[in-house]
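So the sequence lines, in the order shown, correspond to chains A and B.
Number 43 in this note's numbering belongs to position 49 of the first sequence; there are no gaps in the numbering.
Number 39 in this note's numbering belongs to position 28 of the second sequence; there are no gaps in the numbering.
All residues carry an ideal CB built from backbone N, CA and C; glycine is no exception.
Keep in mind that this is a model prediction, so the values were computed, not measured.
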Amino acid sequence: MQRIYLNPAAVSHPEMKKFVDGLQVENDNLILALHAVENHFGYIPREVAAFLAERFRIPMARIYEVITFYHYFRTKPPGRHLITVCNGTTCWLFQSEKLLQMAHEFKTNLPEEKQREVSIEEVRCIGCCALAPLAYIDGQLHPYLNAEIFQQELEKVISCEDKA
Amino acid sequence: MGQEKYIHCTINGIPCEVVEGSTILEAAQQIYLKIPTLCKHPDLVATGACGICIVRVKGMASLPRACTTPVEEGMEIITHDEEIVNVRKTVLELILSTHPNSCLTCGRNQSCELQQLASDFAIRESAFAPFLPNLPVDRSTGSLIFEFDKCIKCGRCVYVCQEMQGVWALSFLNRGMNTRMAPAGDIELAEAPCVRCGQCSAHCPTGAIIELDETAEVWQLLHNPDYHVVVQIAPSVRVTVGEEFGFPPGTNLTGQIYAVLRRLGFDAIFDTNFAADVTIMEEASEFVERFVHDKGILPLITSCCPSWVDFMEKMYPDFIPHFSSTKSPQQILGVLAKTYYSAKKNIDPSRIKVISIMPCTAKKYELTRSHEMYASGYKDVDIALTTRELARMIRQSGIDFAKLPPEKADSILGEYSGAGTAFGYTGGVMEAALRTAQFFLTGSKMPRLEFAEIRGLKGVKEASLNFNGKEIRVAVAHGLGHVSDVLERVREAKARGEILYHFIEVMACPGGCIGGGGQPYGITNEVRKKRIEGLYQDDRSQKVRCSHENEEVQELYRSFLEKPLSEKAHQLLHTTYHARPIYRR
Ligand code: SF4
Ligand code: SF4
Ligand code: SF4
Ligand code: FES
């Protein structure tokens, strides 16, 4: 049997502490626990991963193997701005790869501290193929995109807030 | 063991009888037939990751993998035909399309399993559009370099680190095309639990994990006339370095190594075995103090393996009081060279540089492990090279190593007993310590020398000995994956107020230092056994087989240290341990 070796991971952040103290997991199922963490924080904080490693008596490396295996889990907090590009088959046929590339270029061209606030995500078909190609910017759906519109929409979201 | 059942098959038409449960790969080996492999390693359970070992079995629709498919009665196996060779070529071409193909500047040039196969299969052009992941190189450990662009995702390192070593510094992150070997999360290895044992590098088929090469720094020192450069060779190196020059594993080349080191330009040739004898003088005395005089806690645990020390400091800090405070032989030789030898020869210690030739990548880390590694007032050992690096220096020098007549080591840090040489194999430190402890405890001039109970490759070995009516229980573990079992039991016994063992030896690498992470490539249990046998013979051929009878060691205590555990000995030869975080991030 594999053993774990962990320095007792004191979860120090108050919000995280409150969460892990209250964490109830059926059958000690790691995946369920990870989902609960992801739903609560929007990602799996490292501190909480260490706590789970200890709780389930498995090495931290195993937790990260699981987190990175499933696309659903994030290891970093999502940025304030979330750009989600659909890359399902239909969108792909409509050049969604290009949109994705644009989103990345857009991000790289921002000042460094701004970059950190932007997360880009690629998702498989979301079931609105009739609207292809599509993307979400901060939760708002943008259908029938082309390069020009997408660029405008991206700039709108980021620059609005600059003026604010 | 039950009666083994034999079954029959044909391989390329040749009838073959194998033990039931053998894989096709093993069956082929029996008839001296090599099926190419990349992910399978003899030390590891087959995972079937790479697909290069496919063969054809009559009646099976697909081409099964030889490394994972057991032979069945009556199987007709074909290992090489046009389609099989083409599939293997495609596997290689796919791997090469995500590979930097930078063999000329790679640490595995000419010792790379991938390069060998690419050569054997005459891969001459890139069949697929290249795709390089461009992952950052991790040099953080200071002992090993992880260049994951050269990784072929065979998974050996992960199994070694998790199962064999129980460290879990490496893991499989992501999946599919994006799979990569890395520590948990986006951190560097030095921030993960890695203990720098180098077992991952010894098992990696490619140049993705290699030792940090410091031969250039050593050449620089050798070419600088201001320095008096001395060298020490570790116990195991004498029976392993020959493999790099075509000798069979276990060939003892002690005299030739001394000779070649002298020709490379070292000013004095010392032997770590001498310092191992000193380690035993101190450690056996520590044992007697604890065992007889109740000064300190039992079991006493050996501490000459830096990976083990690092592991304990991270994973089992509650065992710190059990650790022998005696430094490892490498460090003892270093500090003695810069104090005792320096004074005797009247050479300023600032001019002395100590180089060590070690089986081990963690020995590079040990040099700066704590402030006690500077006990001479200087860095006690300046550079630690692995066996593989020494072989490289010899080749660079153009010296025909195989033909050199043997020479002797230099006094006053060169003489060794059979006990000193025993440090190279699992059970050897215990054996050496018991030889001297017996003498200390019983005064016997004819102590028992060999302890078959703690020899061999079993992961955990135990013995109960009787010295003058007193029982001494000892345990020996090698391969860090086996350690937790012993320590958990000690912990439980401790909680009950019992002493399970009096003395425990641990070496991080399977087989001990002869199986170290810096040794020549191609490690298997067969090789381990031969290397160990080489050291057994070296031990048996010594006139003096106990550390306390080594005359240069006796002289060291007479004229310099006074006696074991003296104040001076404590100052120079002992160290302390501290709990360290498992993850730095
Ligand atoms: S890992 Fe092997 S094939 Fe790759 S560059 Fe190095 S020597 Fe060449
Ligand atoms: S680093 Fe080496 S051993 Fe590890 S998976 Fe890659 S090629 Fe295999
Ligand atoms: S050096 Fe040892 S502990 Fe570190 S990654 Fe390699 S196998 Fe694991
Ligand atoms: S060696 Fe059999 S699948 Fe890799």
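is_contact[residue i, chain A] using C-beta, thresh 9 Å
i              : result
Y594 (chain B) : yes
G218 (chain B) : no
R186 (chain B) : yes
G196 (chain B) : yes
A176 (chain B) : First, the amino acid is wrong: residue 176 (chain B) is Gln here, not Ala. Closer than 9 Å: no.
A180 (chain B) : yes
V210 (chain B) : Per the sequence shown, residue 210 (chain B) should be read as Gln rather than Val. Taking Cβ atoms only, chain A never reaches closer than 9 Å to Q210 (chain B), which makes this a no.
Q126 (chain B) : no
A203 (chain B) : yes
P317 (chain B) : no
Q231 (chain B) : no
Q449 (chain B) : no
Q342 (chain B) : no
Q553 (chain B) : no
Q173 (chain B) : yes
Presumed contact (8 Å Cβ cut-off) between residue i and residue j, rounded CB distance
i              : j              : result
E293 (chain B) : A580 (chain B) : 6 Å
I221 (chain B) : I156 (chain B) : 5 Å
I131 (chain A) : E147 (chain A) : 6 Å
E111 (chain A) : R68 (chain A)  : At roughly 15 Å, the Cβ-Cβ gap does not stay under 8 Å, so E111 (chain A) and R68 (chain A) are not in contact.
R362 (chain B) : Y238 (chain B) : 6 Å
V538 (chain B) : V497 (chain B) : Wrong, their Cβ atoms sit about 25 Å apart, outside the cutoff.
A219 (chain B) : C162 (chain B) : 4 Å
H513 (chain B) : P310 (chain B) : 5 Å
I63 (chain B)  : L44 (chain B)  : Not confirmed; about 15 Å, so no contact.
Neighbour flag for residue i against chain B, beta carbons, 9 Å
i              : result
M54 (chain A)  : yes
A126 (chain A) : no
F63 (chain A)  : yes
A30 (chain A)  : no
P57 (chain A)  : Checking the displayed sequence, the identity of residue 57 (chain A) turns out to be Ile instead of Pro. For I57 (chain A), the answer is yes, since a Cβ of chain B falls inside 9 Å of its Cβ.
R68 (chain A)  : no
R40 (chain A)  : yes
A27 (chain A)  : no
A141 (chain A) : no
A129 (chain A) : no
Backbone secondary structure at residue i - three-state DSSP
i              : result
T101 (chain B) : helix
N1 (chain A)   : Here N1 (chain A) scores only 49 on pLDDT, less than 50, and its place in the model should not be relied on; the value that follows carries that caveat. Reduced to three states, the DSSP call for N1 (chain A) is coil.
Y130 (chain A) : strand
P141 (chain B) : coil
H75 (chain A)  : strand
E222 (chain B) : strand
P340 (chain B) : helix
R76 (chain B)  : strand
C123 (chain A) : helix
E116 (chain A) : strand
L36 (chain B)  : helix
N189 (chain B) : helix
S475 (chain B) : strand
P26 (chain B)  : strand
Residue burial classification, residue i (beta-carbon count within 10 angstroms, cutoff 16)
i               : result
E255 (chain B)  : buried
Y64 (chain A)   : exposed
F139 (chain B)  : exposed
S130 (chain B)  : exposed
P260 (chain B)  : buried
S381 (chain B)  : exposed
L135 (chain A)  : exposed
F142 (chain B)  : exposed
T535 (chain B)  : exposed
V96 (chain B)   : exposed
Q(-4) (chain A) : Residue confidence is low: Q(-4) (chain A) scores 40 on pLDDT, short of 50, so the model does not pin down where it sits. Its coordinate-derived value is still stated next. So Q(-4) (chain A) ends up on the exposed side.
S113 (chain B)  : exposed
P39 (chain A)   : buried
E20 (chain A)   : exposed
K419 (chain B)  : exposed
K574 (chain B)  : exposed
Within-9 Å CB hit, residue i to chain D
i              : result
F183 (chain B) : Judged by its chain identifiers, the structure shown contains no chain D, and its protein chains are A and B.
**Asked** For the region 86 to 111 of chain A, which residues have a beta carbon sitting closer than 8 Å to at least one beta carbon of chain B?
**Response** none
**Prompt:** Which residues, in order along the region 73 to 84 of chain A, keep a beta-carbon less than 7 Å from a beta-carbon of chain B?
**Reply:** Of all residues in the region 73 to 84 of chain A, none places a beta-carbon less than 7 Å from a beta-carbon of chain B.
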